[in-house]
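Residue numbers (this note's numbering), protein chains in the order written: chain B, 218 to 570; chain Z, 218 to 570. See structure below.
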């Protein structure tokens with residue numbers, strides 16, 4: 218592929234993401250209105266309304282389009298009345314919303330657990346409201362996701378399977394988060410343990426986003442499985458890129474303190490690699506208080522990690538995963554939506570925030 | 218009914234609850250094993266293993282038995298292979314476990330929100346472990362409940378409906394908890410608002426327990442609806458009785474500080490009634506710290522509420538609800554399981570803890 222066409226694809230991917238984001242946002246308004254009790258539902262919507270690229274629901278919609286072999290013009294598609302393999306109507310948008318709603322629940326509860334102050338450039342829900350409300354808002358989003366998913370109106374057997382995938386995904390996310398927390402106390406985490414942890418913490422939700430539309434639309438087992446693995450591969454790459462961005466992007470752009478992972482002793486593929494190179498990772502930053510760390514301290518820590526080749530190592534690892542993930546897409550018909558799914562995989566590791 | 222037969226029924230009900238509790242406990246072991254990561258799953262199981270009467274799953278199993286017109290000998294019944302109306306096999310035990318798992322999740326998160334120290338006579342999960350682990354344990358139970366419910370292996374359309382009921386129930390519980398918290402700041406709560414709040418906070422889970430087996434076994438709409446209302450009526454009565462017990466049972470027996478609702482400014486039907494009688498409820502207890510309150514203070518506060526007739530009023534209200542709830546059961550065939558469901562409704566307001 219020439220540089221020119223690569224540029225075009227990236228622009229296309231960004232346009233595709235943006236278009237679907239608007240459509241997903243409108244669907245969130247419909248499926249998750251601000252109900253009574255008002256303060257609860259305002260907290261429920263607070264983080265969703267604060268922004269977000271809607272990458273996971275976009276993956277879900279693109280997979281549906283690719284399977285239906287549609288032209289990728291989202292404006293012309295009624296995702297609420299989407300044809301399955303037998304031509305019966307499925308509300309794939311409900312599934313897309315449910316994935317974003319789960320994502321939002323996990324962010325709210327994670328921010329309580331990590332006691333993070335900022336998310337998407339605004340106070341975390343437990344800061345804007347209080348911890349009680351944030352726990353409850355997360356719990357409400359959790360059940361709403363299932364309420365919304367069962368409205369997908371597909372063949373009931375497939376809805377049951379999709380529900381099972383979503384529930385298992387949530388369990389995995391909790392397990393991953395538990396491991397992530399436990400790793401903070403362990404200096405001997407192995408790279409494979411880390412990759413297993415980010416699979417659970419992050420990648421399974423991409424797996425669910427890619428596989429649920431295939432299940433609802435009646436795709437064959439091989440397609441369902443390969444799409445799941447696409448999600449796992451690109452989801453892992455996404456997490457590794459997140460780890461890189463946490464170190465390399467200015468706080469304002471990141472929407473939270475740069476280097477917060479280092480301050481909070483989070484294990485990442487970067488710190489694991491650096492440890493192997495003999496870097497004393499634990500003393501890179503002298504504080505474990507995000508508010509107390511200085512920009513100069515972070516700068517120096519990042520320079521040490523760069524010198525050790527750890528940031529490049531992470532980027533290579535992410536690139537490998539994306540290449541493998543894209544290969545999985547050969548189970549899909551060749552069409553523009555599939556190309557966008559490939560481009561989206563590239564975007565996940567090229568994005569600057 | 219003579220006193221003697223009343224006594225016999227109560228003994229029968231207690232026996233029935235105890236028998237089914239053991240069976241449900243064994244099923245929890247099977248459906249929710251202590252997996253990896255171990256610390257997470259130990260926290261997941263901690264409160265379930267600390268005790269509990271399993272009243273909600275018992276309601277669920279009794280409804281299933283009553284619908285199948287079985288003799289009520291639980292030892293002889295395979296709840297994992299239970300015949301629906303068409304004679305097809307349904308795992309009603311999976312549904313029973315899912316209800317108890319949801320109950321456990323709500324208790325863990327509620328105790329964080331209320332910062333309660335004790336539950337079932339042992340430290341609350343966020344005290345025994347920490348808040349992060351308690352949030353995660355609750356979140357894990359949440360998704361496990363759905364994973365377990367979809368294993369009920371009934372007609373997929375009915376599983377989808379049951380899943381929808383469970384998800385909506387969880388949303389209602391969150392809404393009820395949000396209202397309960399908001400009421401703490403409001404001196405002008407109306408009795409109807411209180412009854413609406415405890416419907417959401419407490420009664421809907423009894424509604425789900427009574428209605429989900431009917432859905433899974435293919436009962437008609439009227440039966441499903443009346444059983445739901447049975448759950449709502451007796452669930453509200455259960456909550457009112459809980460409010461009474463919080464004031465009248467010694468702390469050791471209660472498994473937590475007696476009078477904690479008063480200390481925490483929780484609105485109950487008792488305080489609402491007392492307010493109407495001119496009692497200055499807010500100054501009944503001088504502290505809002507459960508650890509600082511004295512037994513003498515609680516004694517005096519309870520005496521004031523008794524003098525105002527507020528505790529008797531609550532008991533009458535609970536009795537009315539139980540009577541109405543029992544009437545709903547006329548949709549069930551007349552059999553021993555139905556009698557036990559009637560007796561269980563009485564027990565909910567006669568129990569001493």
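The beta-carbon is built from N, C-alpha and C at its ideal position, and this holds for glycine as well. Model, not experiment: these values are computed from the prediction.
8 Å Cβ cutoff, residue i in contact with chain B
i: residue 443 (chain Z); result: no
i: residue 428 (chain Z); result: no
Delimiting residues of the alpha helix (DSSP H) encompassing residue i
i: residue 392 (chain B); result: 373-400
i: residue 297 (chain Z); result: Looking at the DSSP string, residue 297 (chain Z) is not in any alpha helix (DSSP H), and its letter there is neither H nor E.
i: residue 357 (chain B); result: 348-366
i: residue 287 (chain B); result: From DSSP, residue 287 (chain B) is part of no alpha helix (DSSP H); its letter is neither H nor E.
i: residue 411 (chain Z); result: 408-415
i: residue 269 (chain Z); result: No alpha helix (DSSP H) contains residue 269 (chain Z), which DSSP labels as neither H nor E.
i: residue 540 (chain B); result: 527-545
i: residue 511 (chain Z); result: Careful: residue 511 (chain Z) lies outside any alpha helix (DSSP H) and carries neither H nor E.
i: residue 430 (chain Z); result: 421-433
i: residue 418 (chain B); result: Element bounds for residue 418 (chain B): n/a, residue is neither H nor E.
i: residue 562 (chain B); result: 553-567
i: residue 440 (chain B); result: 438-465
i: residue 312 (chain Z); result: 309-331
i: residue 478 (chain B); result: 477-480
i: residue 488 (chain B); result: 486-493
i: residue 249 (chain Z); result: Looking at the DSSP string, residue 249 (chain Z) is not in any alpha helix (DSSP H), and its letter there is neither H nor E.
i: residue 469 (chain Z); result: 468-471
i: residue 342 (chain Z); result: 342-345
Residue-chain proximity (residue i, chain Z), Cβ-Cβ < 8 Å
i: residue 302 (chain B); result: no
i: residue 299 (chain B); result: no
i: residue 553 (chain B); result: no
i: residue 316 (chain B); result: no
i: residue 329 (chain B); result: yes
Status (buried if at least 16 other CB within 10 Å, exposed otherwise) for residue i
i: residue 534 (chain B); result: buried
i: residue 262 (chain Z); result: buried
i: residue 393 (chain B); result: buried
i: residue 320 (chain Z); result: buried
i: residue 288 (chain B); result: exposed
i: residue 550 (chain B); result: exposed
i: residue 302 (chain B); result: exposed
i: residue 338 (chain B); result: exposed
i: residue 447 (chain B); result: buried
i: residue 235 (chain B); result: exposed
i: residue 217 (chain Z); result: This structure cannot settle anything about residue 217 (chain Z), because the visible part of chain Z is limited to 218 through 570.
i: residue 311 (chain B); result: buried
i: residue 416 (chain B); result: buried
i: residue 430 (chain Z); result: buried
i: residue 452 (chain Z); result: buried
i: residue 569 (chain Z); result: exposed
CB contact below 8 Å: residue i versus chain C
i: residue 310 (chain Z); result: As a matter of chain content, chain C is missing from the structure shown, whose protein chains are B and Z.
Contact test: residue i Cβ vs the ligand FAD heavy atom, cutoff 7 Å
i: residue 347 (chain B); result: Among the components modelled here there is no ligand, and therefore nothing to report on the ligand FAD.
Touch test, the region 524-542 of chain B against the region 484-500 of chain B, Cβ-Cβ under 8 Å, three pairs minimum = yes
query = Going along the chain, which residues of the region 367-380 of chain Z sit with their C-beta nearer than 7 Å to a C-beta in chain B?
reply = 367, 373, 374, 376, 377 and 380
message = With three or more beta-carbon pairs closer than 8 Å as the criterion, would you say the region 454-465 of chain Z touches the region 315-331 of chain Z?
response = no
task = Report the residues of the region 384-398 of chain Z with a CB closer than 7 Å to any CB of chain B, ordered along the chain.
result = 384, 385, 387, 388, 391, 392, 394, 395, 396 and 398
query = Listed in chain order, which residues of the region 239-257 of chain B have Cβ atoms closer than 9 Å to some Cβ of chain Z?
reply = 252, 253, 254, 256 and 257
key: Residues of the region 338-363 of chain Z with Cβ closer than 7 Å to any Cβ of chain B, in chain order   = Of all residues in the region 338-363 of chain Z, the ones placed with a Cβ closer than 7 Å to any Cβ belonging to chain B are 349, 352, 353, 356, 357, 359, 360, 361 and 363, in chain order.
request  = Using a Cβ-Cβ cut-off of less than 7 Å, give me the residues of the region 479-494 of chain B that come near chain Z, in sequence order.
outcome  = Residues of the region 479-494 of chain B with a C-beta atom less than 7 Å from some C-beta of chain Z do not occur.
ask   = Just checking, does the region 497-513 of chain Z make contact with the region 407-417 of chain Z on the three C-beta pairs under 8 Å criterion?
value = no
ask   = Within the chosen definition, does the region 362-372 of chain Z reach the region 373-391 of chain B through at least 3 CB pairs nearer than 8 Å?
value = yes
query = Are there three or more Cβ pairs, one per stretch, closer than 8 Å when the region 470-482 of chain B is compared with the region 427-444 of chain B?
reply = no
At least three beta-carbon pairs within less than 8 Å, the region 423-441 of chain Z to the region 272-280 of chain Z = yes
request  = Report yes or no: do the region 544-562 of chain Z and the region 275-295 of chain Z share at least 3 C-beta pairs separated by less than 8 Å?
outcome  = yes
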